[in-house]
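**Q**
Numbering (the numbering used here), first residue to last: 16 to 316.
Below, the structure is given as structure tokens:
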């Protein structure tokens with residue numbers, strides 16, 4: 016059981032307010048695993064009021080198609096040329112753009128992430144096709160997959176339909192998964208990954224090194240790319256332990272014939288270190304923040 020408690024008249028004399036406070040406290044207990052009780056507090060109440068507000072915004076955004084994609088360039092470390100982009104979603108409210116950290120966790124909890132993920136992949140593929148048809152240099156598109164989206168029963172069929180509908184050349188599409196997605200039931204997920212590879216897409220492990228995946232499974236995964244998490248790159252020039260981890264990941268990837276992309280590059284020193292180690296691509300504010308689609312080809316030139 017999960018029990019939330021609000022007190023009358025100390026916290027309120029209004030029935031609706033008391034129920035809202037108690038409900039927030041109850042939800043807090045549920046999120047901690049249940050089998051407990053919690054008295055309401057201002058902090059808990061504010062947290063769940065925000066969550067309810069975000070959930071409402073998400074439902075409106077899905078109904079009204081109020082999402083947009085921005086694109087962050089993936090840059091060749093040796094030549095400085097843009098080789099691809101990562102599609103990053105934003106939610107448009109009446110007043111501003113909401114960034115993923117503020118709504119993706121709620122979308123995951125409520126299951127709305129499946130619909131959002133499908134929209135994101137569709138929009139990214141259509142944009143990729145448009146760019147290629149414009150006669151510009153073909154670039155690669157990377158799209159993130161969520162845990163719930165990946166295990167959805169219609170996932171593989173959905174990806175195949177989107178590819179056929181958009182008529183993209185699949186060799187330019189990379190799907191990114193985090194290590195945590197692959198932790199449970201890994202043998203079945205390997206089969207699913209092979210199903211994706213059969214469609215011609217590339218696969219990337221995002222935030223590599225932050226999860227708990229076994230290296231023995233890494234050699235079995237049909238992936239093409241490892242993305243080095245920002246925590247192993249930030250201020251790398253001043254920390255020998257971070258240098259050792261980043262260099263090891265690059266060496267490991269190279270030994271397995273996988274390409275490497277470093278995330279979150281903000282300083283020249285980080286770039287210099289990665290170049291010396293043989294990392295192939297990077298992305299981060301040092302080159303460009305994520306930008307709308309019409310600004311990508313300005314960066315290309």
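Ideal placement from N, C-alpha and C gives every residue a C-beta, glycine not left out.
(1) Across the stretch 82-90 and the stretch 118-130, are there enough close Cβ pairs to call them in contact, namely three or more that are closer than 8 Å?
(2) Going by the DSSP bridge assignment, what does residue 221 pair with across the sheet?
(3) Identify the continuous alpha helix (DSSP H) that holds residue 53 and give its terminal residues.
(4) To the nearest angstrom, how far is it from the Cα of residue 202 to the Cα of residue 237?
(5) Relative to the alpha-carbon of residue 219, which residue among 45, 145, 157 has its alpha-carbon at the smallest distance?
(6) On the three-pair Cβ rule with 8 Å, is the stretch 180-194 touching the stretch 124-134?
(7) What residue range does the beta strand (DSSP E) around residue 86 cover?
(8) With a cut-off of 8 Å on the beta carbons, I'd call residue 241 and residue 275 a contact; round off their distance for me.
(9) Whole angstroms is fine: what's the gap from residue 103's alpha carbon to residue 84's?
(10) Hey, is the stretch 31-43 in contact with the stretch 55-73, meaning 3+ C-beta pairs nearer than 8 Å?
(11) So, with DSSP's three-state summary, where would you put residue 277?
(12) Quick one: any contact between the stretch 199-215 and the stretch 160-175, if contact means 3 or more CB pairs under 8 Å?
(13) Mind reading off the beta-carbon distance from residue 244 to residue 225? Whole number of angstroms is fine, and I expect it under 8 Å.
(14) For the alpha helix (DSSP H) that contains residue 265, what are its first and last residues?
(15) Where does residue 310 sit, in a helix, a strand or coil, going by DSSP?
(16) Within the continuous beta strand (DSSP E) that includes residue 17, where are the two ends?
(17) In terms of alpha-carbon separation, which member of 27, 18, 24, 70 lies closest to residue 48?
(18) For residue 155 and residue 181, I'd like the C-alpha separation in whole angstroms.
(19) Assuming residue 126 contacts residue 163 (C-beta within less than 8 Å), just tell me the rounded distance between them.
(20) Taking 8 Å as the cut-off, does the stretch 290-307 touch the stretch 107-114 (at least 3 CB pairs, one atom from each stretch)?
(21) On the DSSP bridge assignment, give the partners of residue 62 in chain order.
(22) Put residue 28 into one of helix, strand or coil per three-state DSSP.
(23) Could you tell me the boundaries of the beta strand (DSSP E) in which residue 98 lies?
(24) According to DSSP, residue 157 sits in a beta bridge with which residue or residues?
(25) Within the same chain, show all residues whose beta-carbon is closer than 6 Å to that of residue 179, passing over the 5 residues directly before and after it, in chain order.
(26) With a CB to CB cut of under 7 Å and the five nearest residues on each side skipped, what residues in its chain are close to residue 235?
(27) Quick check on residue 182: does DSSP put it in helix, strand or coil?
(28) Have a look at 161, 71, 258 and flag the residue whose alpha-carbon is nearest the alpha-carbon of residue 290.
(29) State the Cα-Cα distance for the pair residue 305 and residue 311, rounded to the nearest angstrom.
(30) In the DSSP output, which residue or residues are listed as bridge partners for residue 240?
**A** The relevant details are as follows:
(1) Verdict: no, contact absent.
(2) 193
(3) Note, residue 53: premise wrong, no alpha helix (DSSP H); beta strand (DSSP E) at 51-54.
(4) 12 Å
(5) 157
(6) no
(7) 82-91
(8) Indeed they touch by this definition, with Cβ atoms about 6 Å apart.
(9) 5 Å
(10) yes
(11) strand
(12) yes
(13) 5 Å
(14) Per DSSP, residue 265 belongs to the alpha helix (DSSP H) from 255-270.
(15) helix
(16) 17-20
(17) 18
(18) 15 Å
(19) 6 Å
(20) Contact between the stretch 107-114 and the stretch 290-307 is absent, with fewer than three C-beta pairs closer than 8 Å.
(21) None, per the DSSP bridge assignment.
(22) coil
(23) Per DSSP, the unbroken beta strand (DSSP E) holding residue 98 starts and ends at 97-107.
(24) 101, 189
(25) none
(26) 205
(27) coil
(28) Relative to the Cα of residue 290, the nearest Cα in the group 161, 71, 258 belongs to 258.
(29) The alpha-carbon atoms of residue 305 and residue 311 are separated by roughly 9 Å.
(30) 219, 274
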